[in-house]
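Q: Please read through the structure below; I'll follow up with questions.
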Amino acid sequence: MNKKLVQILLPGIVAIGVSIALYNIGNAYEISWMRFYYEQEVSTGNGFELETGGSMIPLLIGIAAGFVTEWILKRRTHSE
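Counting from 8, one number per residue, gives the positions in the sequence shown under my numbering.
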């Protein structure tokens, strides 16, 4: 694969993968600061209401992991 393409795609893939993994761990072990949740309430008059929420911490950790991955890739290409 082209080195430039790897340098562009890999940090994003790492960020998304780490975020998804942390949200799944939070849901599996019921850790509140690592969870994403939704609640659906059905009312007879006006249809239904949907409420979503979740922690931003796994997303921020995933973004940080993406930046670290990018930094490592840049160091590796400069040393070659």
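Backbone N, C-alpha and C define an ideal beta-carbon position, used for all residues, glycine too. Note that the structure is predicted; figures quoted are calculated from it, not measured.
In chain order, what are the residue ranges of uninterrupted alpha helix (DSSP H) at least 4 long that sit wholly in the stretch 19–80?
A: Listed in chain order, there is nothing to give.
Q: I'd like the list of long-range same chain contacts for L66, defined as Cβ closer than 6 Å, with 5 residues on each side in sequence excluded.
A: Counting only Cβ-Cβ distances below 6 Å, and skipping sequence neighbours, we find S26.
Q: Please state whether the Cβ-Cβ distance between V21 and A72 is less than 8 Å.
A: It is a contact, given that the beta carbons lie within the stated cut-off.
Q: In whole angstroms, what is the alpha-carbon distance linking Y45 and G61?
A: Going from the Cα of Y45 to the Cα of G61 covers about 8 Å.
Q: Would you decide whether L29 is buried or exposed? Buried here means 16 or more other CB atoms lie within 10 Å of its CB.
A: Burial call: buried.
Q: Just how far apart, CA to CA, sit N37 and T84?
A: Here residue 37 is Glu; the residue named in the question, Asn, does not match the sequence. For E37 and T84, the distance between alpha carbons rounds to 41 Å.
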